[in-house]
Amino acid sequence: KILILDFGSQYTQLIGRRVRELNTYSEIVPFNKIPEDIDSYKAVILSGSPNSVRGDDVLHPDLSKIRGHKPLLAVCYGAQYLAHFSGGEVAPSNTREYGRANLSYIKKNEDFLSNISFDSQVWMSHSDTIKQLPENGVLLASTNDVENAAYKIEGEPTFALQFHPEVYHSTDGKKLLENFLVKIAGVKQDWTPNAFVEETVEGLKTKLGDDKVVLGLSGGVDSSVAAMLLHKAIGKNLYCIFVNNGLLRKNEFQDVLDQYEGMGLNVKGVDASARFLDALAGKSDPEEKRKTIGRVFIEVFDDEANEIKDVKWLAQGTIYPDVIESVSATGGPSATIKSHHNVGGLPDFMKLKIVEPLKMLFKDEVRRVGASMNMYSQLLGRHPFPGPGLAIRILGDLTAEKVRILQEVDAIFINGLREWDLYNKVWQAGAILLPVNSVGVMGDERTYEKCVALRAVESTDGMTADWVNLPYEFLQKVSNDIINKVKGVNRVVYDISSKPPATIEWE
Ligand code: XMP
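Reading the sequence shown from the start, the letters are residues 5 to 511 in full-length UniProt numbering.
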């Protein structure tokens, strides 16, 4: 495995990702948290940083067990750090060193540079420049504006790049990383989802021993895959809690609970629907609804966790993009937990030690890991579903009747997508119950009933999204079914807004 020391660059996680794409396992740790078992890492990569090696906020890693002992690749800040503190010179640059550039010189007969085209495009993003290479530095590549774009240190397996090999716009960047990993560090490129599962399960066994662990399942991909890994490691010592907040999709609580039991998980389903609905009664402000749901969830979860005798750990399905803090991480609870903090002290379960087996994975990797453990493809391919559930799809205040109506509508829409083979072509879909009554006619009767909106979007990360051009025949069929089958609804509209400027959810 490879160790990546993070100095806070926005691209650090991309380094991890690229290394993983090269079938090599990597771990990212803050620059000042070098693991004790550093010997178990084959090579080390230093990331970029928003800080300057010349400023008061210079970040000093302890490289004493690394430099000269292990293959080391220093990127951007890393490259400047090595230069500045080993006899070279770093100064503010007087030309623009952001964005694309092309190599104009590359040293011949270097394993590190093999198969890199001589004018390869590279991506720069730095305001300091390396004026003079460190002691024993050998120039490897330049661009027109940046002379010391790449160098190595004679006599030790240390390489440095001023540009970012991890970004897509550095066209040979991945090749450079591969050269470093394979030709310099001699890694085997044998990291696969299966290998991840084996290694993680072993690691969890050692870490957790006979300890008990509690985990909140949500029905989503991340918590389910995390649970499966822990289950493989500690079996019945994993206590899963799946809370029905009464705001899930129709039948979802029972269906998902059955799936979890089918996977052999030790899971307790807790139906707290009434508690949530009571707490939400009369609340119509979206943020107030969210806060209420968050608070009640913590109360319910805390009650349940307290029932488990001697539980020591709280497991979370945190994945890499959720980990906001990295450099400043103190080893304490992660960012996801902090956002749940409420004034007046921590609930008991938050005093537990945290275990997050997916912390280093990206979403698509989580799915691959889940697939390699033969988890249900329906569970792995499930659309994202917001934590507050249908509460933020019922605009305004909630009642049990409104929840029932929306569950029926949503089920017709989602089942329709599955039947028409459209489900996997859509990133997220759902129905929204509008606080609007409109006039209709059914038979000879005038009706005055609710209107629902259908929403289906394509997206990669939910940050931006566009509505999906669903076939008219499909919309027609679904609309008909909804109006004929769901009492209380007499009108269906389809949302054709993109994000931005609209959002995916209506609240
Ligand atoms: P928006 O509506 O902001 O949604 O475009 C982007 C993505 O985030 C989900 N979402 C939430 N998820 N709690 C969640 O766990 C929330 O309060 C929440 N609000 C929005 C939304 O479903 C979409 O996938």
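The beta-carbon is built from N, C-alpha and C at its ideal position, and this holds for glycine as well. Given the structure is predicted, the values throughout are model-derived calculations rather than measurements.
First through last residue of the alpha helix (DSSP H) which encompasses residue i
i           : result
residue 401 : Careful: residue 401 lies outside any alpha helix (DSSP H) and carries neither H nor E.
residue 87  : 81 to 88
residue 364 : Per DSSP, residue 364 belongs to no alpha helix (DSSP H) and is neither H nor E.
residue 47  : Run containing residue 47: none in the alpha helix (DSSP H); it sits in the beta strand (DSSP E), 47 to 50.
residue 500 : Counting along the chain, residue 500 falls outside any alpha helix (DSSP H), and DSSP gives it neither H nor E.
residue 20  : 16 to 25
Three-state secondary structure (DSSP) of residue i
i           : result
residue 508 : coil
residue 423 : helix
residue 470 : strand
residue 98  : coil
residue 486 : helix
residue 30  : strand
residue 72  : coil
residue 306 : helix
residue 321 : coil
residue 57  : coil
residue 166 : coil
residue 40  : coil
residue 246 : strand
residue 313 : coil
residue 494 : strand
residue 133 : strand
residue 274 : strand
residue 210 : helix
residue 288 : coil
residue 147 : strand
Buried/exposed call for residue i, threshold 16 Cβ in 10 Å
i           : result
residue 122 : exposed
residue 232 : buried
residue 130 : buried
residue 385 : exposed
residue 226 : buried
residue 299 : exposed
residue 411 : buried
residue 262 : exposed
residue 342 : Caution is warranted here: a pLDDT of 35 is assigned to residue 342, below 50, making its placement in the model unreliable, and no coordinate value can be reported.
residue 96  : exposed
residue 285 : exposed
residue 172 : exposed
residue 15  : buried
residue 442 : exposed
residue 152 : buried
Residue i vs residue j beta-carbon contact at 8 Å
i           : j           : result
residue 409 : residue 492 : yes
residue 138 : residue 78  : no
residue 54  : residue 108 : no
residue 435 : residue 413 : yes
residue 315 : residue 247 : no
residue 509 : residue 390 : yes
residue 48  : residue 32  : no
residue 297 : residue 392 : yes
residue 116 : residue 36  : no
residue 277 : residue 249 : yes
residue 245 : residue 221 : yes
residue 230 : residue 212 : no
residue 400 : residue 288 : yes
residue 235 : residue 273 : no
residue 407 : residue 251 : yes
residue 124 : residue 176 : yes
C-alpha distance - residue i paired with residue j, whole-angstrom precision
i           : j           : result
residue 448 : residue 490 : 18 Å
residue 51  : residue 271 : 41 Å
residue 159 : residue 142 : 10 Å
residue 290 : residue 279 : 18 Å
residue 457 : residue 374 : 33 Å
residue 511 : residue 351 : 28 Å
residue 474 : residue 426 : 8 Å
residue 170 : residue 464 : 20 Å
residue 312 : residue 306 : 10 Å
residue 303 : residue 292 : 16 Å
residue 366 : residue 322 : 10 Å
residue 506 : residue 398 : 17 Å
residue 208 : residue 19  : 25 Å
residue 257 : residue 133 : 57 Å
residue 80  : residue 164 : 8 Å
residue 162 : residue 470 : 46 Å
residue 11  : residue 83  : 12 Å
residue 21  : residue 128 : 19 Å
Minimum Cβ-Cβ distance from residue i to chain B less than 8 Å
i           : result
residue 470 : Judged by its chain identifiers, the structure shown contains no chain B, having just a single protein chain.
Near the ligand SAM: residue i beta-carbon under 7 Å from a heavy atom
i           : result
residue 392 : With respect to the ligand SAM, the structure shown offers nothing to examine, as its ligands consist of the ligand XMP.
Continuous beta strand (DSSP E) stretch holding residue i: start and end
i           : result
residue 128 : 125 to 129
residue 432 : 432 to 446
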